[in-house]
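*Asks:*
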Amino acid sequence: MRVALYEPEIAGNVGAVLRLGACLGAGVDLIEPMGFDWDDRRVRRTAMDYIDHVSITRHAGFDAFRQTLGGSRLLLFTTKGAGSAYDFAFQPDDVLLFGKESAGVPAPIAAACDARLLLPIRAEVRSMNLATAAALALGEAMRQTALLPEVPAP
């Protein structure tokens, strides 16, 4: 299972998602352009030394990224989703896609996805932080597919 970030704009969010990937054993795909320099110290500050424990793949654009999917389903998490992520049946090789913080993904990219899912939130608010949404989505997807890391014995 992988998490893909489409044109992320905030270095701290990318760092947090990299740390999430390291902790749960999920690769992270970064679809460029990004809204910051890759060597931005905020990425490493947020990811800390966990960045050395996650598989990171950078892609020159969506088309280059799409070519790497093989038979994996591309699942877009969006506030305009058609159904709740908690009612969806995930598969172990799914790729969870999250749009840029300010605008999500353009309509043609949303149309290229196999499903559009949402994370339920209260009506009074617009959206979750990108890293928080990725954590909830990846946690549920890995729980359903028995991919969560094992809890060590006490």
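Going by this note's numbering, 98 is the number at position 76 of the sequence shown; the sequence numbering is gapless. Even for Gly, the Cβ is constructed at its ideal location relative to N, Cα and C. All of these numbers come straight from a predicted model, not from anything done at the bench.
#1: Using alpha carbons as the reference points, say which of 90, 151, 108 lies closest to residue 164.
#2: Specify, as a first and last residue, the run of the beta strand (DSSP E) that residue 121 falls within.
#3: Secondary structure at residue 170, three-state DSSP: helix, strand or coil?
#4: Are residue 126 and residue 100 close, meaning C-beta to C-beta below 7 Å?
#5: With distances taken from CA atoms, which of 133, 92, 113, 136 is nearest residue 166?
#6: I think residue 54 touches residue 123, with their Cβ atoms under 8 Å apart; what is that distance to the nearest whole Å?
#7: Beta carbon of residue 76, beta carbon of residue 37: below 7 Å?
#8: Inspect the beta-carbon positions of residue 45 and residue 98 and report whether they are closer than 7 Å.
#9: Hey, out of 49, 86, 29, whose CA is closest to residue 60's CA?
#10: Among the residues of its own chain, which have a CB less than 6 Å from the CB of residue 170, if the five just before and after it don't count?
#11: DSSP on residue 165, reduced to helix/strand/coil?
#12: Less than 7 Å between the C-beta atoms of residue 48 and residue 65, yes or no?
*Replies:* Answer, in terms of the structure:
#1: For residue 164, the nearest C-alpha among the options comes from 108.
#2: Premise fails: residue 121 is in no beta strand (DSSP E) and is neither H nor E.
#3: Looking at residue 170 - three-state DSSP - the assignment turns out to be coil, as it is neither helix nor strand.
#4: Less than 7 Å separates the beta-carbon of residue 126 from that of residue 100.
#5: Comparing alpha-carbon positions, the option among 133, 92, 113, 136 lying closest to residue 166 turns out to be 113.
#6: Not really, about 15 Å apart at Cβ, beyond 8 Å.
#7: No, these two residues do not count as a Cβ contact at 7 Å.
#8: No, these two residues do not count as a Cβ contact at 7 Å.
#9: Restricting attention to 49, 86, 29, the CA atom closest to the CA of residue 60 is found in 29.
#10: The answer, listed in chain order, is 164.
#11: In the structure shown, residue 165 sits in a helix (DSSP, three-state: H, G or I).
#12: In this structure, residue 48 lies away from residue 65, with their beta-carbon atoms at least 7 Å apart.
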